[in-house]
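Visitor: Mind having a look at this structure? Questions to follow.
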Amino acid sequence: MNINYKKIHFIGIGGIGMSALARLFKSFCLEVSGSDSSNSEITKDLSSEDIKISIGHNAKNISADTECIVYTLAISQDNPEFLEAKKRKIPMYTYAQMLGYVSAGMYTIAISGTHGKTTTTAMTYYALKESGIKPNLIVGSLIFENNKKTNFVSGKDNFFVVEACEYKKSFLNLSPTILAITNIEADHLDFYKDLEDVKSAFMQMADLVPEEGAIICDFEDKNVKEIIEKHGIFKKDLNLSVNKNKTDTENSEINGKCINFRDYIKDVPELFVIGDHNIRNASISLAVADFLNFKFSQKIESDFYLNYEKAKTGLQNFRGTWRRMEFRGKNQNGAIIYDDYGHHPTEIRATLLALTQKFPDKNLKVFFQPHLYSRTKNLFDDFVKVFNEFFGENSEIENLQEPLQTYNKNKLFILPIYAAREENDPEISAEKLADEIFGAVALKDFSQAKEEISKADSSNIVLSLGAGDVYQILE
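Be aware that the sequence shown starts at 18, since it is given in this note's numbering, and climbs by one per residue.
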């Protein structure tokens, strides 16, 4: 993997990506330590895995024999450990840079996109694991593996399934042989100028895929059109070959490397996770499996054999990830409770549509925590439109298979904006958003949300929604 360090310290080890990378290095028998500003379930789990954890940042946390520092961009430049490492001239890497070194040493399957990449990354791991390949995995959430929650799995084969985040173009550090693009929309506008700037970053990512690789995307997504035009279409009907139980390469014209994942929707089995968006996510996983089967069946010396039908079984075994349409049980009154990370209007619509399709006779009781002042401001009209579709007085919900008789009894509660990395912006607030949505109520704090949840009964679906800490209202 081109990693020559034996002792590595992580500044901000409690982050979802940082902790996964720490686990990966620990699996390679390296000595790993780390620090974070506060204790959490993740830091406690890392401690139990024989990783030395320090709560609070202090220069003394970096031992004298530390050979390398990995740090998250979430820390400030005056962080005492960051300054100590610079003073001692210890080699330093951002999370994205170090992930790039790992990727360069493996056959990398990078799952990118504005929405759905976490679930698709986990699905792809499950599909490949069942089909015959044992890949390594880093995912931006937690899955259940070997009776515990984790964001990293150590595989026996040199394949690497990894979630590829576009924020600050961090995914450009990776070396993808297969690149999946779930979709492209305007997001992270605190970094990108506009949609064209976002698209440009994905084009750069696509350019990293070698000729023998594949770009798996949606040919109906207008924002990936330029990528398809530049990199061409993979003409081989891969799925047909697999279903014939052989690979007939004669007369197979291959003059590009873009594969349409919509061609695999028909093969997606019945899933445990709900929603049309998850069917599309699963189709990406099948496209990955089919392409790998095609590529490695061409090499007589290859040690890999992949069973496409078993990849479908792997998808059926998938039970979801932490905070992605996660079923959290019922409250004392029988209300069904879900938690979801959705923070972009498109993601929110997919989640609300999935729940209304699954439970057409229930009333939604949604607790939304906007994530970032900039995102709330830049996408304000889109948030209003989506929520009014489900909570508006006279709205009609498109793509709903059955009439929703009780939609006007749905209730939306909006919590204060989760600032994350941003300073307070007085120009935008939960109250201003609530004022534009029919019947929406702005809450002052989590205690008010918990009180409302306690009133929910068996006629309700309760949903906590957002990328911040809104899930704590369910605890």
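Where a beta carbon is used, it is the ideal one built from N, C-alpha and C, also for glycine.
Give the straight-line distance between the Cα atoms of VAL487 and GLU444, rounded to the nearest whole angstrom.
Guide: Using only the alpha carbons, I get a separation of about 22 Å.
Visitor: What is the rounded straight-line gap between the Cα of VAL178 and the Cα of LYS394?
Guide: Going from the Cα of VAL178 to the Cα of LYS394 covers about 34 Å.
Visitor: List the endpoints of the continuous beta strand (DSSP E) containing PHE385.
Guide: Note, PHE385: beta strand (DSSP E), 380-385.
Visitor: Just to confirm the assignment, what range does the alpha helix (DSSP H) spanning ALA121 have?
Guide: Unbroken alpha helix (DSSP H) run through ALA121: 112-121.
Visitor: In whole angstroms, what is the alpha-carbon distance linking GLY351 and ASP357?
Guide: Taking the straight line from one Cα to the other gives about 19 Å.
Visitor: Whose C-alpha, out of ILE30, SER54, SER93, PHE278, is nearest the C-alpha of ASP62?
Guide: For the residues ILE30, SER54, SER93, PHE278, the minimum Cα distance to ASP62 belongs to ILE30.
Visitor: How would you write the range of the beta strand (DSSP E) that TRP345 sits in, first residue to last?
Guide: Just to set this straight, residue 345 is Arg in the shown sequence, not Trp. Counting along the chain, the beta strand (DSSP E) containing ARG345 begins and ends at 343-347.
Visitor: How far does the beta strand (DSSP E) with TYR88 in it extend, from its first residue to its last?
Guide: Its beta strand (DSSP E) spans residues 85-88.
Visitor: Alpha carbon to alpha carbon, how far is LEU206 from ILE232? Give it in angstroms, no decimals.
Guide: Looking at the two C-alpha atoms, the distance is approximately 25 Å.
Visitor: LEU429 and GLY456 - do their beta-carbons sit closer together than 8 Å?
Guide: A contact, by the Cβ cut-off of 8 Å.
Visitor: Taking Cβ to Cβ, would you say ALA139 is nearer than 8 Å to ILE155?
Guide: It is not a contact, given that the beta carbons lie outside the stated cut-off.
Visitor: Specify whether the region 167-176 and the region 111-126 touch according to this definition: at least 3 beta carbon pairs, one from each stretch, less than 8 Å apart.
Guide: Because the criterion of three Cβ pairs below 8 Å is met, the region 167-176 and the region 111-126 touch.
Visitor: Quick one: measure Cβ to Cβ for LEU450 and PHE400, integer angstroms, because I've assumed they're closer than 8 Å.
Guide: Rounded, the Cβ-Cβ distance is 6 Å, consistent with contact.
Visitor: Does the separation of the CB atoms of ILE431 and ALA473 fall below 8 Å?
Guide: For ILE431 and ALA473, no; Cβs fall outside 8 Å.
Visitor: To the nearest angstrom, how far is it from the Cα of THR135 to the Cα of LYS242?
Guide: Rounded to whole angstroms, THR135 to LYS242 spans 23 Å at the Cα level.
Visitor: One question on the structure: do MET222 and PHE188 come within less than 8 Å of each other, judged by their Cβ atoms?
Guide: Contact flag set, yes.
Visitor: Using CA atoms only, rank isn't needed, just tell me which of THR89, ILE79, TYR142 is closest to ALA102.
Guide: Checked all of THR89, ILE79, TYR142; the closest Cα to ALA102 is ILE79.
Visitor: Just curious, the alpha helix (DSSP H) that TYR355 is in, first and last residue?
Guide: From DSSP, TYR355 is part of no alpha helix (DSSP H) but of the beta strand (DSSP E) over 353-357.
Visitor: From this set, LYS426, GLN349, SER464, ASN200, which residue's C-alpha is nearest ILE244's C-alpha?
Guide: Nearest option by C-alpha distance: ASN200.
Visitor: To which residues does DSSP link ALA223 through a beta bridge?
Guide: Answer by DSSP bridge pairing: none, since ALA223 is not bridged.
Visitor: State yes or no: is the C-beta of ARG366 within less than 8 Å of the C-beta of VAL403?
Guide: Against a cut-off of 8 Å, the Cβ pair of VAL403 and ARG366 comes out as a contact.
Visitor: Among the residues of its own chain, which have a CB less than 6 Å from the CB of LYS379, if the five just before and after it don't count?
Guide: So the qualifying residues of the chain are ILE478.
Visitor: Is it true that the CB of LEU389 sits closer than 8 Å to the CB of GLU439?
Guide: Contact flag set, yes.
Visitor: In its own chain, which residues sit with a C-beta less than 7 Å from the C-beta of ASP82, not counting the 5 before and 5 after it?
Guide: Excluding sequence neighbours, ASP82 sits near LYS24.
Visitor: For the region 274-284 against the region 303-315, are there 3 or more C-beta pairs whose distance is under 8 Å?
Guide: Cβ pair count under 8 Å is three or more, so yes.
Visitor: Let's test the definition: count the other Cβ atoms within 10 Å of the Cβ of LYS146 and tell me whether it reaches 16, buried, or not, exposed.
Guide: Under this definition LYS146 is a buried residue.
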